[in-house]
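Enquirer: These protein sequences, in sequence, are chains B, Y and C. Just so you know, the first sequence maps onto residues 208 to 347 in this note's numbering. Just so you know, the second sequence maps onto residues 208 to 347 in this note's numbering. Just so you know, the third sequence maps onto residues 208 to 347 in this note's numbering.
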Amino acid sequence: MQQTNHTLHTDTNGPGLYEISSRVVNWCQKQAIQNGLLTLFIRHTSASLTIQENADPDVCHDLQDFFNQIAPQQGSYRHSAEGPDDMPAHIKTALTQTQLTIPLTHGQLALGTWQGIYVFEHRQHAQRRQVVMHLIGEDF
Amino acid sequence: MQQTNHTLHTDTNGPGLYEISSRVVNWCQKQAIQNGLLTLFIRHTSASLTIQENADPDVCHDLQDFFNQIAPQQGSYRHSAEGPDDMPAHIKTALTQTQLTIPLTHGQLALGTWQGIYVFEHRQHAQRRQVVMHLIGEDF
Amino acid sequence: MQQTNHTLHTDTNGPGLYEISSRVVNWCQKQAIQNGLLTLFIRHTSASLTIQENADPDVCHDLQDFFNQIAPQQGSYRHSAEGPDDMPAHIKTALTQTQLTIPLTHGQLALGTWQGIYVFEHRQHAQRRQVVMHLIGEDF
């Protein structure tokens, strides 16, 4: 059994879903491990991870709308010193994922046909986000 | 350290919570691994996983009501080509889990007394859902 | 590759976010494993886990307000035999996490600067909550 890890940097430019599937898959394919477990961990509390449909881009826009309605910037929040988008960003992060773990079999992640891996940015301004990738498993 | 995996198929027949606890436990008990980590990964974006109380069936019905109210079929969505239940299904998936990881100790999953593992189906029509189970650990 | 586990008990005294970061970090530092994967699993369905900002305590209060508004005690629930706070507690648990997995590198968890690990208590009365910690990895 072996393990390896790497930090992926994603530059975001405003709220939205940024697909990282191909970068994650490419990194996995360069590792010796063929069977195991991939964990993604985002090191932030105002951006999150989600697995969603990557066929119709409207899905991502509808998701954004939903989260904006449920946690609006115009809400009444105590925490406002970091801007009106910060507390809604924390709420949206709490409602989605900070971490995702995906089995790897014969070099293939277990992702279904329509599943894409996304960084879900919740802040208004440009950010550089860090996603730690950790892979544990075997080369056979 | 060893690992093994298997895909569990669950036939669903409309929205609701389908308990898979006993099938998951049974599969684990047939493996040589006694101590380790079980990961469940659902390969879909319109059905999800959740751990919930499995004592009172009303809890599952109330959960369904809650998610139907928060993401109603009558909502205004861009993504409608796959039917009025599809975009709400993606939202409900984003709000719950695509993956669950549970420690295994002396052959027992760490599930609490009242915790059941459920496939949460969000689509109206019958579906066959795939849940990948991955177990890593040792036989002692 | 090695593994080890331990159950952390947290006494809660009403709804709110109880930070367990330092207890988790301290336990990890006492293990021989320097590189690997830490999994936290809470054995309940009316309390959950979340990773949130631990700088401004207002964030935790705003989070509580949000979840109280979205799943109010005054809601119309079938499941009421365990008190008016129980079904909202199950909903809040479904919307957050029962499990968190965090990579460990050179003895350090991958937590970002502002990330804290919290038990999110959703019940009114005092509880003793169990969080299973499982660490798999190597000592180099």
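Note that CB positions come from ideal geometry on N, CA and C, so glycine has one too.
Using a threshold of 8 Å, state whether the C-beta atoms of Y:G243 and Y:L342 are closer than that.
Expert: Yes.
Enquirer: Can you list, in chain order, the stretches of the beta strand (DSSP E) that have 3 or more residues and sit fully within the region 263-318 of chain Y?
Expert: Within the region 263-318 of chain Y, the complete beta strand (DSSP E) runs of at least 3 residues are 306-312.
Enquirer: Around the C-beta of Y:T214, are 16 or more other C-beta atoms found within 10 angstroms, so that it is buried, or is it exposed?
Expert: It is exposed - the Cβ of Y:T214 has fewer than 16 other Cβ atoms within 10 Å.
Enquirer: Would you call B:N233 buried or exposed, if buried means 16 or more other Cβ atoms sit within 10 Å of its Cβ?
Expert: Under this definition B:N233 is an exposed residue.
Enquirer: In chain C, which residues lie less than 7 Å from Y:N242 when you measure between Cβ atoms?
Expert: Within 7 Å Cβ-Cβ: Q210.
Enquirer: Do you know how far the Cα of Y:H313 is from the Cα of Y:E299?
Expert: Reading off the sequence, residue 299 of chain Y comes out as Lys, not Glu. When rounded, the distance between both Cα atoms is 35 Å.
Enquirer: Nearest-angstrom Cα distance between Y:D269 and B:T252?
Expert: Going by the C-alpha atoms only, they are around 29 Å apart.
Enquirer: What are the boundary residues of the beta strand (DSSP E) that C:S229 is part of?
Expert: Per DSSP, C:S229 belongs to no beta strand (DSSP E); it is in the alpha helix (DSSP H), S228 to K237.
Enquirer: Among C:R250, C:T320 and C:F274, which one has its Cα closest to the Cα of B:Q337?
Expert: Among C:R250, C:T320 and C:F274, the Cα nearest to that of B:Q337 belongs to C:T320.
Enquirer: Under 7 Å Cβ to Cβ from Y:V266, same chain only, skipping five residues before and after it: list those, please.
Expert: Result list for Y:V266: Q259 and E260, in chain order.
Enquirer: Does the beta carbon of Y:L311 come closer than 8 Å to any beta carbon on chain B?
Expert: Output row for Y:L311: interface = no.
Enquirer: On the DSSP bridge list, what partners appear for C:I343?
Expert: Per DSSP, C:Q210 and C:L244.
Enquirer: Starting from C:T257, trace the beta strand (DSSP E) in both directions and tell me its first and last residue.
Expert: Note, C:T257: beta strand (DSSP E), A254 to E260.
Enquirer: Expressed to the nearest angstrom, what Euclidean distance is found between the alpha-carbon atoms of B:Q306 and C:M340?
Expert: Going by the C-alpha atoms only, they are around 16 Å apart.
Enquirer: Find the residues of chain B that neighbour C:H268, judging by a C-beta separation of less than 7 Å, and give them in chain order.
Expert: Residues of chain B passing the Cβ test: R285.
Enquirer: Give me the chain A residues within the contact set of B:I298, using Cβ-Cβ distance strictly less than 9 Å, ordered along the chain.
Expert: The structure shown contains no chain A; its protein chains are B, Y and C.
Enquirer: Figure out for me which residue from B:H332, B:A296, B:S287 and B:G290 has the closest Cα to the Cα of B:A278.
Expert: Of the listed residues, the one whose Cα sits closest to B:A278 is B:A296.
Enquirer: Report buried or exposed for B:S229, applying the criterion of at least 16 other Cβ atoms within 10 angstroms of its Cβ.
Expert: Under this definition B:S229 is an exposed residue.
Enquirer: Is there a Cβ of chain B sitting closer than 8 Å to that of Y:T246, yes or no?
Expert: Chain B contact via Cβ: present.
Enquirer: May I ask you to report which of helix, strand or coil DSSP gives Y:A333?
Expert: Correct three-state label for Y:A333: strand.
Enquirer: By alpha-carbon positions, which one of C:G344, C:Q331 and C:Q236 ends up nearest to C:L224?
Expert: Nearest C-alpha to C:L224: C:Q331.
Enquirer: What do you reckon, are the CB atoms on B:M208 and C:M208 nearer than 8 Å?
Expert: Yes. Within cutoff.
Enquirer: Under 8 Å, Cβ to Cβ, is there at least one residue of chain C near B:L302?
Expert: True, the Cβ-Cβ gap to chain C drops below 8 Å.
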